[in-house]
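Residues in the sequence shown are numbered from 15 upward in steps of one, following my numbering. We put the CB at the ideal spot given by N, CA and C, even for glycine. Heads up: the structure comes next, in structure tokens.
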Amino acid sequence: MKHVDFEKLDMMSLLIIVNLCENKSATQASKILNIPQSKISRCLRNCRSIFGNELFERKKYGLIPNDYAKSIYPIAKEIVEHAQRFNQIGQQHKGHERWFEVAIPGLVSYLYPKALMKSVKQENKHFHLNFSPWNASTLQAIMDGEITLGVCCGNHQEATALVEKNFEVESIKSLTELFLVCASDHPILQGEITLEKIAQYPFIKTEVGCNPRSTCPFEDYCHANGIPLNIDICISSVSSLFLYLQENQALSLMPYRAVYDVLPDVPMIHGCRISDTETQKMFAYATPKTVEMISSTNNSDEDLNWLKQQIRQVTHAMV
């Protein structure tokens, strides 16, 4: 193992290593970190030189971490997370600056940061944003004060029943379209696509709302009609989803048009909008998912109110 020269190892390089390990895509890392891909390439070359290892293997579906990268990932992740605490300390000593921790759905995580930070800069807001993907522990983190507000895809009634009295759940947008995503050579694409045919293949769940044990609308439809359904796995990261679909005969149904719109640029992945007939058939038995925003009921915080309004606008315009 090569001796690591820490004078040459910067925080941005560690951030890039962490994002590439988690997303396996320079494009996604570029969007999440809001930096050009050329900078990612330069930092990656620097990291390879520092560690004396290639770290990632370039495949046709992305950058795949090798064993060495997987071994340093948890260390890099811990360093990055600890470094972010400097922001919290800085907040205590700079009254005119604040940090908002925002959790967003993993499948559309690339949409929110750039749009929201652009608005912050344009309107000269004196606060900063830090984003994390929504997961099974996010709701509790919001109620514990570790996360300022969260956006997820779920069921409004379930979410309302789970939050404490000092928090509110706002239903921002009902997601009434359905999109099938699968490998471009999947056999289901050879004929008419129906809900019954989709149920014949391993199914990937993608929505992680306030209740991790909640069923999705397709599960509800299959259960109501006595249709067997093999749920293969639950994936909430868009890059991990694409990678899994490329290597398996599984299918995914998702309510995000934003994901469907990027599919032409994703190798080996195909998507199509489910017909209105099939969609209406499913929603006769199941409730459509909604984009929910969970936050404190403190309406006197002008910055928080402004941020919530920006999230509403981004959700309606882009999700």
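Worksheet item: Between the segment 182-193 and the segment 301-312, do three or more beta carbon pairs fall short of 8 Å?
Response: yes
Discussion item. Contact defined as beta carbons within less than 8 Å: I believe LEU209 pairs with MET296. What is the distance between those atoms, to the nearest angstrom?
Written reply: Confirmed, about 6 Å.
Discussion item. Please report the straight-line C-alpha distance between LEU23 and CYS61, rounded to a whole angstrom.
Written reply: 7 Å
Discussion item. Using only CA atoms, which one of SER254, LYS73, ASN239, CYS57 lies nearest to MET26?
Written reply: CYS57
Fill in: Nearest to ASN313 (by Cα), restricted to the options PHE141, VAL134, ASN180
ASN180
Worksheet item: What's the call for LEU255, buried or exposed, on a 16-neighbour Cβ count within 10 Å?
Response: buried
Item to complete: Taking only the alpha-carbon atoms, compute the straight-line gap between GLU206 and ALA331 and give it to the nearest angstrom.
Response: Going from the Cα of GLU206 to the Cα of ALA331 covers about 31 Å.
Discussion item. Using only the alpha-carbon positions, how far apart do GLN204 and ILE241 sit?
Written reply: Computed Cα separation, rounded: 22 Å.
Worksheet item: Does the beta-carbon distance from VAL276 to VAL305 come in below 9 Å?
Response: no
Worksheet item: Got a sec, what are the start and stop residues for the alpha helix (DSSP H) LYS45 sits in?
Response: 40-47
Discussion item. Does ILE283 come out as helix, strand or coil in the three-state DSSP assignment?
Written reply: strand
Discussion item. I need the DSSP call for ILE249, collapsed to helix, strand or coil.
Written reply: For ILE249, the secondary structure class from DSSP, reduced to helix, strand or coil, is coil.
Practice prompt. Give the DSSP bridge partners of ILE308, in chain order.
Written response: GLY164, VAL183
Practice prompt. Between the Cα of GLU160 and those of TRP320, ALA117, SER266, ASP290, spot the shortest distance and give me the residue it belongs to.
Written response: ALA117
Worksheet entry | Extent of the continuous beta strand (DSSP E) to which VAL195 belongs | 193-197
Fill in: Helix, strand or coil at HIS200 [DSSP, three-state]
coil
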